[in-house]
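A short worksheet on the structure shown next.
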Amino acid sequence: MKKKSDYRETRIDPAPSRLSYLFHRVWLRKSFRLSILFSLQMSFICLLILSIHWKYDLNLFIKKNIAQLSEYIAFSPAFKVESISIISNNPLVVEKIKNNLAFNFPLSSLDIDVGTIKKQVENINFVQSASVRLTSDGSIEVKVEIRKPVALQRTGQQFFLLDASGAKVDEVTSRSDRLDLPLLVGKGAEYEVREALNLLLETKSLVVRVRGLVRIGERRWDIILDRNQTIKLPEENPIKAIKKILALQEGRRLLDRDILYLDFRNMSRPVLGLTEKVSKELREIRNLVRGENV
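Anchor point for the sequence shown: position 82 equals 250 in the working numbering, and the numbering is continuous, going up by one each time.
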């Protein structure tokens, strides 16, 4: 009997508590449910905004520190570049290349592209080729091979030094600056520099009298000698024509006479051009022979 009474006393009341009852009553109201839903949405939006703002600040912090760290590493002694060394025997070449590159030191080796520097140096007229490397002592080393001028080209009032390939090496102010080089004139002369040099080599004893070569119609050459004499070479086999002219010069000293030009454009029928003085004398002789001048 005592056990039954204990069970009745500890039995749980199935009726809802007052708080639970009030909550269910309030929940049945539509306005309350909407307000709860709205509050949840606003809370989510606020959390999202706070999260984005926090991440943005975090990103700025990370970027700022990474930038500072990168700059610190880039300009550390292991990566710092403070000078440039141009290897050339010509001080003018060294100065021109330095002015063309115009680096603001110090630099970081991480920011230097040796391939770009190589292209930039090789784009300079007088540079034929270049090699660029970063040295262990924090310097940019540039080795250059300079184009060697072999001819002087006149274009209008300008004079350009040309190498054997016809590339412009530099510009000079007048012909007298490089009297040691042959003078080339005419359109397209720069494309046939090697041919012009070969023709000069074939002139042999006449080379000391050569004042220049003129490119005619981008097809053939005229050789200009002192005493205002001109040798007109053919388009085909100009060296053969020069050999014939040399034979005439050695045998008859033809170019030592009052001759204005030798026209060998048609080697089977060369033409001899006389000066005005000689032409006048010949006309007078003809007149005397014909009895027209008593």
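Beta carbons: idealized from backbone N, C-alpha and C, even for Gly.
In this text, all values refer to a predicted model and were calculated from it rather than measured experimentally.
Among GLU360, ASP390, VAL310, GLY385, nearest to THR371 - alpha-carbon criterion: Translated into positions along the sequence shown, residue 371 becomes position 203. Out of GLU360, ASP390, VAL310, GLY385, ASP390 has the C-alpha closest to the C-alpha of THR371.
LEU190 burial status per 10 Å Cβ neighbour count (16 or more: buried): Counting from 1 along the sequence shown, the entry for residue 190 is found at position 22. Around the beta-carbon of LEU190, fewer than 16 other beta-carbon atoms lie within 10 Å, marking it exposed.
Buried or exposed by the 16-neighbour rule on C-beta atoms within 10 Å, applied to GLN326: Reading the sequence shown from its first residue, position 158 is the one you call residue 326. With fewer than 16 Cβ atoms within 10 Å of its Cβ, GLN326 is classed as exposed.
Where ASP394 sits in the DSSP three-state scheme: Taking the sequence shown and counting its residues from 1, one reaches residue 394 at position 226. Three-state DSSP puts ASP394 in a helix.
Inter-residue spacing [alpha-carbon to alpha-carbon] between LEU428 and ASP348: Indexing the sequence shown from 1 puts residue 428 at position 260. Indexing the sequence shown from 1 puts residue 348 at position 180. Approximately 26 Å between the Cα atoms of the pair.
Own chain partners of ARG301 with C-beta closer than 6 Å, once the 5 adjacent residues on each side are dropped: Along the sequence shown, one-based indexing puts residue 301 at 133. The answer, listed in chain order, is GLU309.
Cβ pair THR398, ASP426 closer than 8 Å: Stepping through the sequence shown from its first residue, residue 398 is reached at position 230. Stepping through the sequence shown from its first residue, residue 426 is reached at position 258. In this structure, THR398 lies away from ASP426, with their beta-carbon atoms at least 8 Å apart.
Spatial distance of LEU365 from ALA335 (CA atoms): For the purposes of this step, residue 365 is taken as residue 197 along the sequence shown, with counting starting at 1. For the purposes of this step, residue 335 is taken as residue 167 along the sequence shown, with counting starting at 1. Answer to the nearest angstrom: the Cα atoms are 15 Å apart.
Straight-line Cα distance separating SER333 from SER253: Indexing the sequence shown from 1 puts residue 253 at position 85. Indexing the sequence shown from 1 puts residue 333 at position 165. For SER253 and SER333, the gap between their C-alpha atoms comes out near 28 Å.
Exposure of GLY156, with buried meaning 16 or more beta-carbon neighbours within 10 Å: The structure shown has nothing for residue 156, since the chain only spans 169 to 462.
ASP338 versus GLU358: straight-line alpha-carbon distance, rounded: Within the sequence shown, residue 338 is the residue found at index 170, counting from 1. Within the sequence shown, residue 358 is the residue found at index 190, counting from 1. Inter-residue distance for ASP338 and GLU358 is about 13 Å (C-alpha atoms, whole angstroms).
Selection from ILE384, VAL376, SER373 that minimises the alpha carbon distance to GLU360: Against the sequence shown, residue 360 aligns to sequence position 192. Checking every option, the nearest Cα to that of GLU360 belongs to ILE384.
Separation of ILE220 from SER199, as counted between CA atoms: Stepping through the sequence shown from its first residue, residue 199 is reached at position 31. Stepping through the sequence shown from its first residue, residue 220 is reached at position 52. Going from the Cα of SER199 to the Cα of ILE220 covers about 31 Å.
As assigned by DSSP and simplified to three states, the class of LYS400: The sequence position of residue 400 within the sequence shown is 232, counting from 1. It is a strand residue.
Own chain, CB closer than 8 Å to ASP331, minus 5 neighbours either side, in chain order: The residue labelled residue 331 in the question sits at position 163 within the sequence shown. Around ASP331: GLN296, ARG315, LYS316, PRO317, VAL318, VAL337, VAL361.
Cut-off 6 Å between Cβ atoms - residues of its own chain near GLU290, not counting five sequence neighbours on either side: Counted from its first residue, the sequence shown places residue 290 at position 122. Take GLU290, set aside five residues on each side of it, and the residues of its chain with a beta-carbon closer than 6 Å to its own are ALA298, in chain order.
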